[in-house]
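If you're matching them up, the sequences are chains A and W in order. What the first sequence shows, in the numbering used here, is residues 6 to 542, in sequence order. What the second sequence shows, in the numbering used here, is residues 29 to 479, in sequence order. Note that beta-carbon positions come from the ideal geometry of N, C-alpha and C, so glycine has one too. Computed from a predicted structure; not experimentally measured. Since the structure comes first, as structure tokens, the remarks are kept for the end.
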Amino acid sequence: MASDTNALKVAVRRVTETQYRHIVADVFGPEIKINARFEPEKREDGLLAIGTAQLSLTSSGFEQYFALASSISEQALSEKQREKLVGCKPADPTKADDACARQFIEHYGQKLFRRPLTESETQARLKSAGVGAKQANDFYMGLRLALTSMLVAPEFLFRVETAEPDPANPKQYRLDAYTKASRISFLLWDSAPDDELLTAARTGAIHTDASLKQQLTRMLAAPRYEQGARAFFTDMLQLDGFDNLVKDPAIYPKFNQSVSDSAKEETLKSVIDLLVTKKRDYRELFSSNDTFINRPLASVYNVPFLSAGDWVPYTFPQSSERSGILTQVSFLSLFAHPGTSSPTRRGIKVHEIFMCTPTPDPPADVDFSKVQDSKAGTIRGRLLDHMQNTGCTACHRRSDPPGLALEHFDGLGQLRTTENGAPIDVSADLEGVKLVGAQGLAKYLHDAPKVPECLVRNVFAYGIGRKTGIKDEDYLADQTKAFVSNGYHVPDLMLQVASSPEFFKVAVPAGARSALSAETTTPPVQTAQSSSQSPKN
Amino acid sequence: MSLKFDRRSILRGMLSGSAVYMGLPALDVFLNGNGTAFADGAKLPVRFGTYFWGLGLTDTPTGGTRWVPTKVGAGYEIMPELQPLASLKDKVSVFSGFRAIGDGRANLVHWTGHASILTGIAPAVSTRFDGPTLDTKVADAIGGSTRFRSIDVDASVSRKPVSYSTRSGNTFGSPETTPLGLYTRLFGPGFQDPNSPNWKPDPSIMLRQSVLSAVKDQREALLANVGKADQVKLDQYFTSVREMENQLAVQLQKPDKCESCVVPAAPKEVARGASVDIVNANTKTMAKLLAMGLACNQSRVFTFVHTASSSETYIAGQSKIYHQITHDEPTDAKLGFQPETSKLAEQVMKGFGEFLTEMDAIKEGEGTLLDHMLVMGLSDTGYAKIHAIENIPMFFAGRAGGKHKAGQHIRGAGDPVTRVSLTAMQLAGAPVGEFGTGTMKTSRPISDVIA
Numbered sequence: 006m007a008s009d010t011n012a013l014k015v016a017v018r019r020v021t022e023t024q025y026r027h028i029v030a031d032v033f034g035p036e037i038k039i040n041a042r043f044e045p046e047k048r049e050d051g052l053l054a055i056g057t058a059q060l061s062l063t064s065s066g067f068e069q070y071f072a073l074a075s076s077i078s079e080q081a082l083s084e085k086q087r088e089k090l091v092g093c094k095p096a097d098p099t100k101a102d103d104a105c106a107r108q109f110i111e112h113y114g115q116k117l118f119r120r121p122l123t124e125s126e127t128q129a130r131l132k133s134a135g136v137g138a139k140q141a142n143d144f145y146m147g148l149r150l151a152l153t154s155m156l157v158a159p160e161f162l163f164r165v166e167t168a169e170p171d172p173a174n175p176k177q178y179r180l181d182a183y184t185k186a187s188r189i190s191f192l193l194w195d196s197a198p199d200d201e202l203l204t205a206a207r208t209g210a211i212h213t214d215a216s217l218k219q220q221l222t223r224m225l226a227a228p229r230y231e232q233g234a235r236a237f238f239t240d241m242l243q244l245d246g247f248d249n250l251v252k253d254p255a256i257y258p259k260f261n262q263s264v265s266d267s268a269k270e271e272t273l274k275s276v277i278d279l280l281v282t283k284k285r286d287y288r289e290l291f292s293s294n295d296t297f298i299n300r301p302l303a304s305v306y307n308v309p310f311l312s313a314g315d316w317v318p319y320t321f322p323q324s325s326e327r328s329g330i331l332t333q334v335s336f337l338s339l340f341a342h343p344g345t346s347s348p349t350r351r352g353i354k355v356h357e358i359f360m361c362t363p364t365p366d367p368p369a370d371v372d373f374s375k376v377q378d379s380k381a382g383t384i385r386g387r388l389l390d391h392m393q394n395t396g397c398t399a400c401h402r403r404s405d406p407p408g409l410a411l412e413h414f415d416g417l418g419q420l421r422t423t424e425n426g427a428p429i430d431v432s433a434d435l436e437g438v439k440l441v442g443a444q445g446l447a448k449y450l451h452d453a454p455k456v457p458e459c460l461v462r463n464v465f466a467y468g469i470g471r472k473t474g475i476k477d478e479d480y481l482a483d484q485t486k487a488f489v490s491n492g493y494h495v496p497d498l499m500l501q502v503a504s505s506p507e508f509f510k511v512a513v514p515a516g517a518r519s520a521l522s523a524e525t526t527t528p529p530v531q532t533a534q535s536s537s538q539s540p541k542n
Numbered sequence: 029m030s031l032k033f034d035r036r037s038i039l040r041g042m043l044s045g046s047a048v049y050m051g052l053p054a055l056d057v058f059l060n061g062n063g064t065a066f067a068d069g070a071k072l073p074v075r076f077g078t079y080f081w082g083l084g085l086t087d088t089p090t091g092g093t094r095w096v097p098t099k100v101g102a103g104y105e106i107m108p109e110l111q112p113l114a115s116l117k118d119k120v121s122v123f124s125g126f127r128a129i130g131d132g133r134a135n136l137v138h139w140t141g142h143a144s145i146l147t148g149i150a151p152a153v154s155t156r157f158d159g160p161t162l163d164t165k166v167a168d169a170i171g172g173s174t175r176f177r178s179i180d181v182d183a184s185v186s187r188k189p190v191s192y193s194t195r196s197g198n199t200f201g202s203p204e205t206t207p208l209g210l211y212t213r214l215f216g217p218g219f220q221d222p223n224s225p226n227w228k229p230d231p232s233i234m235l236r237q238s239v240l241s242a243v244k245d246q247r248e249a250l251l252a253n254v255g256k257a258d259q260v261k262l263d264q265y266f267t268s269v270r271e272m273e274n275q276l277a278v279q280l281q282k283p284d285k286c287e288s289c290v291v292p293a294a295p296k297e298v299a300r301g302a303s304v305d306i307v308n309a310n311t312k313t314m315a316k317l318l319a320m321g322l323a324c325n326q327s328r329v330f331t332f333v334h335t336a337s338s339s340e341t342y343i344a345g346q347s348k349i350y351h352q353i354t355h356d357e358p359t360d361a362k363l364g365f366q367p368e369t370s371k372l373a374e375q376v377m378k379g380f381g382e383f384l385t386e387m388d389a390i391k392e393g394e395g396t397l398l399d400h401m402l403v404m405g406l407s408d409t410g411y412a413k414i415h416a417i418e419n420i421p422m423f424f425a426g427r428a429g430g431k432h433k434a435g436q437h438i439r440g441a442g443d444p445v446t447r448v449s450l451t452a453m454q455l456a457g458a459p460v461g462e463f464g465t466g467t468m469k470t471s472r473p474i475s476d477v478i479a
């Protein structure tokens, strides 16, 4: 808690756009409109959850949050809504009423800050409520101000993760109960803890394995888990790229905003159906041809759409050359250029997203003299030029093959077999494995040990909000083993990760004053990451 | 004018934003530049902004430059890629031959060049800058008395909103990316027409102020026992809160009359696309709005991105993007340069020309808005094919209220880019005497362009 002098803030992570939206909907109801431009998020080590955790707020971002907070308060406390939301009635609605205001502030403060407010936090809002009620002769105007001030507070806009001395081991820190509750809630629901979880934090029950497990099981079974899983896969699959995707209208006349929105939704629908609803083997992501399409997508996929409904299940036949997620419009169009496919970009993303192997930046002083302009023929020729160049070859030899295997799909994801009149060769050599086409690549990924490893790493890093380091390797290997032997089930993986002590391990941040020892610079528990990370930013 | 000048908050903003190169004499300069009335006859304020485009301009190490004039000093000749600037030539200075120097740090492609110009430091990694950008220093010096300390604009229609403005090196600006967004920010809720005859303070502003004081009350508790990196984040958060307070305080004051301010109509939604014709159209529309925002005293500082570094713009209907073309296209043996690349560079410079034309279209005092501005144009590379960070094209446009001796070509002969940066900050009125680190550290502005 903020007032506890022994408490240590181990991380301050900015709440993401979807988390913000989910919290507001969960606390005030889905009818609250959220119309604002959110601060840009940032991807590091493959995840927005890692990059955004390191960001602050710019002044224009704060302006947006400020306007948004006022709008949410106005809606939530409109004459229609206030009955439902405010649990008490003021003695006189034209005047301040501290008792009722306090009740409101404490109730919603706890939901928004994900912990009970300190007395001074409550007092600060009571003051706003008093000023507002007096100036406007309206008790509810006062509440609006109090609520707005909570919605723009750093304790709401950032996840302030806090540790306390561990009673079982006074030389060490442990995450406090509310921070634990938030970690699992943001992981599984992409939202703040509900009342039951907050109660488990208040009583301290969450510190026991049994209660933690019980909460996790309950949360995984709740409908909100779907929104949590969607948030995770949106981040991991980098579907946020659809917010700004553009294509050249002359080259891809079928592309428009509705195709863009539908492509993202298709992927989320099929991923959730496969991995959450049906609880299938994660690796089927690459092999399953079951998906969902709507009218705009049917046109891109060039298949008939006979339903009068919106979305219908659809299974691609073997002859479509499609296979799983890599051949959905989302992956193929996101990782391409506005007017052409891009084997390099697709290849880089296959490595990065599914195998957690990033490709280094190209060297600055590459000699491009061998690279010939190729208006004719296929893109493969141009890339082969890169491969003959010593400066390029190390990376392109690895990055390009998965993309070359996907070349039967153009920059929008439409099937084609020729480019500029020449047949497209989709054979590829990926780290010594010869494969042909999208289906060959899918098989490779299905069987690649790096693929489950990468998912485990992503789930863990997404939850704790930092990149993994050498000290996490043993843990991740164990988790991967368990994931594999349990049949590659994603919800089980999340349960398993979130119930492991490592998920709550405390890394004392550089520069923080530790209350546990005189030497403040030597943290008692530390991960590789926190020690290697430069504090300069 | 009765504008309250919150000196303390501005100073604090400066201190948290950067190492401060500011002695007391400089402080006087800075105070004089602030809170002064600009009514009839008084000096009009200088506005400052950066204008960024991706992929430099075309030249080859063996000669064949398409942009570097032969003549040095005043009266330089208009090279093919400078053509869009021809009509404003007397207000534009061209800087060639300056370089970013990493002192052993790798040239991070499409990153080191502009990071060096803007922060004075060759960055360690390609996701961050290692210091605050110069626009924030200028904003802290001259941006305190307007509603917005700075306005960030991105006209590029990129995959992600692009901004190269940062205080911490980590969190970058959150730019307006559409004309409507920019319009709403400048002229939407909260805008007060300086020429309105019946101005009254908006009572809801005081209510909003009380909201912010509740937030600030908790500052100390929040900053207790927090790590260094998190402290930087929270400091920036509270800086943003203070800027909001400043904004509200400005709104409680009756704005000065402002002859050149004509409130524009809301723009229509425009087609989204990354082709250079659309980006240029977007640039022109947003430049027009921004120019009026500056003329209406909503801000004195801005950053504008035409296209991102490693630009993905392209000629409509063609499959290859600009970035790819700069690398793949061979140098034409007869011409001595890359013809397709140069064609795109000309298109991209058209955007800059149109941007400046919009700034020059607003009459202000005896001259134009542009005469009271300093726009620093810059890019990420010199010769893009090899990611050169030598000879990165840079421009100063506008007369900075008479302080800029415009219309010259300055040849840098291998000097660090930071000399240009330092000069820009000084012309804009920022009290900065030294800029950059290592070999790029300099305290020598380019005196040839300072009147």
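- According to the DSSP assignment, G56(A) belongs to the alpha helix (DSSP H) that extends over L53 to T57.
- By the neighbour-count criterion, in which 16 or more other beta carbons inside 10 Å mark a residue as buried, S196(W) falls on the buried side.
- Interface with chain W (7 angstroms Cβ-Cβ cutoff): F67(A) is included.
- One alpha carbon belongs to R187(W), the other to P444(W), and they sit about 32 angstroms apart.
- Within the model, the alpha-carbon separation for I170(W) versus F67(A) is close to 21 angstroms.
- By the criterion of at least three beta-carbon pairs nearer than 8 angstroms, the segment 474–491 of chain A is in contact with the segment 454–465 of chain A.
- Taking the Cα of L411(A) as reference, the smallest distance to any Cα among I353(A), D366(A) and D452(A) is reached at I353(A).
- Distance from A302(W) to P343(A) at the Cβ level is roughly 5 angstroms; contact confirmed, criterion being Cβ atoms closer than 8 angstroms.
- Spatial neighbours of H334(W) in its own chain (CB-CB distance under 6 angstroms, excluding positions within 5 residues in sequence) are listed in chain order as W81, A183, T311 and G379.
- The shortest CA-to-CA distance from Y265(W) to any of E44(A), T364(A) and A268(A) is the one to E44(A).
- Going by beta carbons, L113(W) and Y350(W) fall outside the 7 angstroms limit.
- Within the segment 104–136 of chain W, the residues whose Cβ lies closer than 8 angstroms to any Cβ of chain A are, in chain order, A134, N135 and L136.
- N11(A) and E248(W) have their C-alpha atoms some 15 angstroms from each other.
- Taking the Cα positions, L150(A) is about 11 angstroms away from S232(W).
- Between E418(W) and R127(W) the beta-carbon gap is near 4 angstroms, inside 8 angstroms, which marks them as a contact.
- Per DSSP, the unbroken alpha helix (DSSP H) holding I189(A) starts and ends at A182 to W194.
- Put simply, of G148(W), H400(W), A373(W) and R156(W) the residue whose alpha carbon is nearest the alpha carbon of G457(W) is H400(W).
- One alpha carbon belongs to D408(W), the other to V254(W), and they sit about 36 angstroms apart.
- With its beta carbon at least 7 angstroms from every one in chain W, K269(A) lies outside the interface.
- Residues of the segment 447–462 of chain W that bring their beta carbon within less than 8 angstroms of a beta carbon in chain A are absent altogether.
- In this structure, K119(W) lies near A434(W), with their beta-carbon atoms less than 7 angstroms apart.
- Distance from the CA atom of Q454(W) to the CA atom of A152(W), rounded to whole angstroms, is 27 angstroms.
- Taking CB atoms only, G474(A) has no neighbour in chain W less than 7 angstroms away.
- For the pair F310(A) and L193(A), the Cα-to-Cα distance works out to about 35 angstroms.
- Residue contact with chain W for G246(A): present (Cβ-Cβ distance below 7 angstroms to some residue of chain W).
- Residues of the segment 179–203 of chain W with a Cβ closer than 7 angstroms to any Cβ of chain A, in chain order: D180, V185, S186, R187, K188, P189, S196, G197, N198, T199, G201 and S202.
- Taking C-beta atoms under 8 angstroms as the contact rule, V305(A) and L417(A) qualify, at a distance of about 6 angstroms.
- Taking a Cβ-Cβ cut-off of 7 angstroms, the neighbours of D366(A) in chain W comprise L136, V137 and S154, given in sequence order.
- In this structure, E326(A) and Q444(A) form a Cβ contact; the two beta carbons are roughly 7 angstroms apart against a cut-off of 8 angstroms.
- Closer than 7 angstroms to the CB of H415(W) there is at least one CB belonging to chain A.
- Ranked by Cα distance from N294(A), the first of R285(A), Y319(A) and D315(A) is Y319(A).
- Only those residues of the segment 132–150 of chain A whose C-beta falls short of 7 angstroms from the nearest C-beta of chain W are listed: K132, S133, V136, G137, Q140 and L150.
- Rounded to the nearest angstrom, the gap between the Cα atoms of I343(W) and V304(W) is 6 angstroms.
- Check the Cα spacing between D245(W) and each of F191(A), S154(A), F291(A) and D430(A): the tightest is with S154(A).
- L363(W) is classed as exposed because its beta carbon has fewer than 16 other beta carbons within 10 Å across all chains shown.
- DSSP places G77(W) inside the beta strand (DSSP E), whose first and last residues are R75 to F80.
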